[in-house]
């Protein structure tokens, strides 16, 4: 039974430079079928949340540039379910905007906020976690985040230290939070994982609308008050002009930093549902099925010789012959080719910048 | 002063799989500007011979498939100067056909026969060699071939052993020939080079028409007689039908094997004019100008990082980012991409075969 009080906000404003040139500013990662399953990441995200929320209660927040691709990929969304940000201002303003839009529909909504471009392999477990989490935040004034049990000392994630002794009586996976730590150094990440007290911050949040709006008013009132000025304008013809105006002066800040790391009523739901933020080619490589030479190949006309542990991602009809590469990324999209060792993938952001400077915006 | 008795036959039937995918069966190597000079190899070859022969005495022998590209690249050629072979039968039939065509124009012609796809860096020296060679074969019934002083033990070339004691009085670069050796093993190639008695066979021949036709009649009469049956038909509307018929039954054999290795009147002109048969990516790499990282790059939008001694050849506007490759070939053409260590380039023929089998003729 789907609860008509449940709402979902899918954050889809990312520009995804790390998977360049497969992703680019025209088609960021969330709009790609990066796993080769026939549905893009945002479509998969939408599909998942239709199991928890009424379709008409699912909102996508994205940039104006991605309005058309969002409508094309999610034709079930009404125009008013696509919230368009005029500028990129990180997650705190994005969530504030969505909160005020939802408030016009249902001031007592229970809301789940999630990224559009993550992978969840165990969907049934995920749905169960979301349902239990939504039930808990509809009864408690909690800011609930999902923490993933870490499998290795990833230095690209935020970590949440939870308090084993302060566990919620009705759900023994929900804990009080001790600390948040942004991307730690490797040594610290190792000690986090070994301690057993830390979880990866998956960036998936649940709360009731009054609870999150109270938290905003307490911890980031300048942003909350900006959006409050628009109450009465949301879902009217004046909304766009108003939002354009306030975004120009709105702080650029993450909800983690602005609210979660400061609030006292933050809880974490410790879970494991085959989650990945798909932040790197390496993480995609780990998730994908390998061939006999442990290559992950996308493309129908690829031949490899003496080539192992590579990720090769090329257009369907492109003929590609690769001889003698190990542990490389070979990607072509949109008349751009990248060849790079997997171990050097953190340099891709630099390549994107260099290509933009040297050859212009059309390639990035 | 250009001698009106001088004729040139440019052999342009090669299909050039070794530079795949830059060359392919639609556009073999001779039709490519492989050195990036603004003229294709066959155009450069034609240009060179216009310094020795009247333009109207220059013939190109090629396959029917390459008639249009030949006319497009060499607009100065009249139709009858483009000799079209219906099937590929190696160099001996090709030369026999050209001989009989030329005989209709000038039975006492002096002829130089040369491949269309070699590189000659010192053109003035080359012209001097050709002029002196042509003069010598118009006065002597010699089959004269050009031998290049070897700079290293290349196992991909044929070698000619010359007789230092039997040198032509008027030109101390022309010697009697002792032996021909097809592509030797490395140890043998080393001893050839060390001995100082061996030259690379450049596949460039000079002779008078009566001398080469006598040699054909003596050493490969079955081929010569086939073509003799057509005397009276060459340069008439019946020529094509006749040639189609005889090529079906004609032997497939090289002029080296059929004639040069057997005849007693073979001489070699020992020369050095910056010659390369451009038989491999490696040989192209050696010839081309290197950048600061010793890369040879063709393409206007290529960026390399930690990449050395590579040959990168991609379409002008393709954006290519290469990180962490050393001694590789990266080539894209016609929607085909090849990545291969230079040391493995002898495998390219196999790749071409595999791609043809798996994906069809359109890519090879």
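Chains as they are written, first to last, in our numbering: chain A, 324 to 687; chain B, 324 to 687.
Using N, Cα and C, we set each Cβ at its ideal position, and we do this for glycine too.
Grab me the residues of residue 573 of chain B's own chain with a C-beta within less than 7 Å of its C-beta, minus the 5 sequence neighbours each way, in chain order. Answer for residue 573 of chain B: 412, 416, 546 and 549, listed in chain order.
Please check if any C-beta of chain B sits within less than 8 Å of the C-beta of residue 661 of chain A. By the rule that beta-carbons nearer than 8 Å mark a contact, residue 661 of chain A touches chain B.
Per-residue contacts from residue 557 of chain B into chain A (C-beta, under 8 Å): None at all; the shortest Cβ gap to chain A is about 42 Å.
Cβ-based neighbour list, residue 414 of chain B, same chain, cut-off 6 Å, excluding 5 preceding and 5 following: Here the set comprises 577 and 578.
For residue 506 of chain A, count neighbouring C-beta atoms within 10 Å of its own C-beta (all shown protein chains included) and say buried if the count is 16 or more, exposed if not. Around the C-beta of residue 506 of chain A, fewer than 16 other C-beta atoms lie within 10 Å, and the residue is accordingly described as exposed.
Could you check whether the Cβ of residue 624 of chain A sits closer than 8 Å to any Cβ belonging to chain B? In terms of beta-carbon proximity, residue 624 of chain A lines the interface with chain B, with at least one pair separated by less than 8 Å.
Contacts of residue 677 of chain A in chain B (Cβ-Cβ under 9 Å): For the C-beta of residue 677 of chain A, the chain B residues within less than 9 Å are, from N- to C-terminus, 626, 628 and 644.
Same chain only: Cβ atoms within 8 Å of residue 534 of chain B, ignoring 5 sequence neighbours per side: Closer than 8 Å at the Cβ level, and outside the excluded window around residue 534 of chain B, lie 460, 464, 465, 466 and 588.
Should residue 641 of chain B be flagged as near chain A, meaning a C-beta pair shorter than 8 Å? Yes - at least one Cβ of chain A is within 8 Å of the one on residue 641 of chain B.
For residue 376 of chain B and residue 420 of chain B, which I take to be in contact (beta-carbon distance under 8 Å), what is that distance rounded to the nearest angstrom? The pair is not a contact, with the Cβ atoms about 18 Å apart (cut-off 8 Å).
Near residue 631 of chain B, what residues of its chain come up, given a Cβ to Cβ distance below 7 Å and the 5 sequence neighbours on each side ignored? Cβ neighbours of residue 631 of chain B beyond the five flanking positions: 616, 617, 618 and 649.
Per DSSP, what are the beta-bridge partners of residue 523 of chain A in this structure? Beta bridge pairing from DSSP links residue 523 of chain A with A:471 and A:482.
Comparing the C-beta of residue 619 of chain A with each C-beta of chain B, is any distance below 8 Å? Not one chain B Cβ lies under 8 Å of residue 619 of chain A.
Below 7 Å CB to CB, which residues in the same chain sit around residue 605 of chain B once its five sequence neighbours on both sides are set aside? Excluding its 5 nearest sequence neighbours in each direction, residue 605 of chain B has C-beta neighbours in its own chain below 7 Å: 665 and 668, listed in chain order.
Of the residues B:333, B:386 and B:442, the one placed nearest residue 356 of chain B, counting alpha carbons only: Checking every option, the nearest Cα to that of residue 356 of chain B belongs to B:442.
Does the beta carbon of residue 658 of chain B sit closer than 8 Å to a beta carbon anywhere in chain A? Yes, residue 658 of chain B counts as interfacial toward chain A.
If we call anything under 8 Å between Cβ atoms a contact, is residue 497 of chain B one with residue 590 of chain B? The answer is yes: Cβ separation under 8 Å.
Comparing C-alpha positions only, which one of B:350, B:410, B:451 and B:501 sits nearest to residue 340 of chain B? Of the listed residues, the one whose Cα sits closest to residue 340 of chain B is B:350.
Look at residue 396 of chain A and residue 363 of chain A and say whether their C-beta atoms are less than 8 Å apart. Yes.
Go ahead and pull the three-state DSSP assignment for residue 395 of chain B. Secondary structure of residue 395 of chain B (DSSP, three-state): helix.
Do you know offhand how far residue 361 of chain B's Cα is from residue 372 of chain B's? For residue 361 of chain B and residue 372 of chain B, the distance between alpha carbons rounds to 18 Å.
Enumerate, from N- to C-terminal direction, the unbroken alpha helix (DSSP H) stretches of 4 or more residues contained entirely within the stretch 544-582 of chain B. As far as the stretch 544-582 of chain B is concerned, its whole alpha helix (DSSP H) runs of at least 4 residues are 544-551 and 562-572.
Shortest alpha-carbon distance to residue 432 of chain A belongs to which of A:602, A:529 and A:601? With distances taken between Cα atoms, residue 432 of chain A lies closest to A:529.
Sequence ranges, beta strand (DSSP E) only - wholly within the stretch 328-356 of chain A, length at least 3: Segments of the beta strand (DSSP E) lying fully in the stretch 328-356 of chain A: 329-334.
Thinking C-alpha only, which one of B:450, B:658, B:626 and B:636 is nearest residue 607 of chain B? Comparing Cα positions, the closest option is B:636.
Which residues of the stretch 535-565 of chain B have a Cβ closer than 9 Å to any Cβ of chain E? Give them in chain order. In the displayed structure, chain E is absent; the protein chains listed are A and B.
So, are the CB atoms of residue 645 of chain A and residue 622 of chain A less than 8 Å apart? Pairing residue 645 of chain A with residue 622 of chain A gives a Cβ-Cβ distance that is not under 8 Å.
Where residue 647 of chain B meets chain A, residues with beta-carbon distance less than 7 Å: Those are 663, 664 and 667, listed as they occur along chain A.
Residue span of the beta strand (DSSP E) that contains residue 360 of chain A, given as start and end: Run containing residue 360 of chain A: none; DSSP gives neither H nor E here.
Which of the three DSSP states, helix, strand or coil, is assigned to residue 498 of chain B? In this structure, residue 498 of chain B counts as strand in the three-state DSSP scheme.
Going residue by residue through the stretch 394-435 of chain A, where are the continuous alpha helix (DSSP H) segments of at least 4 residues, counting only ones entirely within it? The stretch 394-435 of chain A contains these whole alpha helix (DSSP H) runs: 414-428.
Whole angstroms is fine: what's the gap from residue 688 of chain A's alpha carbon to residue 654 of chain A's? The structure shown does not extend to residue 688 of chain A, since chain A is modelled only from 324 through 687, so no value can be given for it.
Can you pull the chain B neighbours of residue 682 of chain A, defined as C-beta to C-beta under 8 Å? The answer, in chain order, is 624 and 642.
Say whether chain A places a C-beta atom closer than 8 Å to the C-beta of residue 608 of chain B. So, not an interface residue.
At 4 residues or longer, and completely inside the stretch 577-653 of chain B: list those alpha helix (DSSP H) runs for me, N to C. Look at the stretch 577-653 of chain B and you find these whole runs of alpha helix (DSSP H), each 4 residues long or longer: 604-610.
When burial is assigned at 16 or more other CB atoms within 10 Å of the CB, is residue 540 of chain A buried or exposed? Under this definition residue 540 of chain A is an exposed residue.
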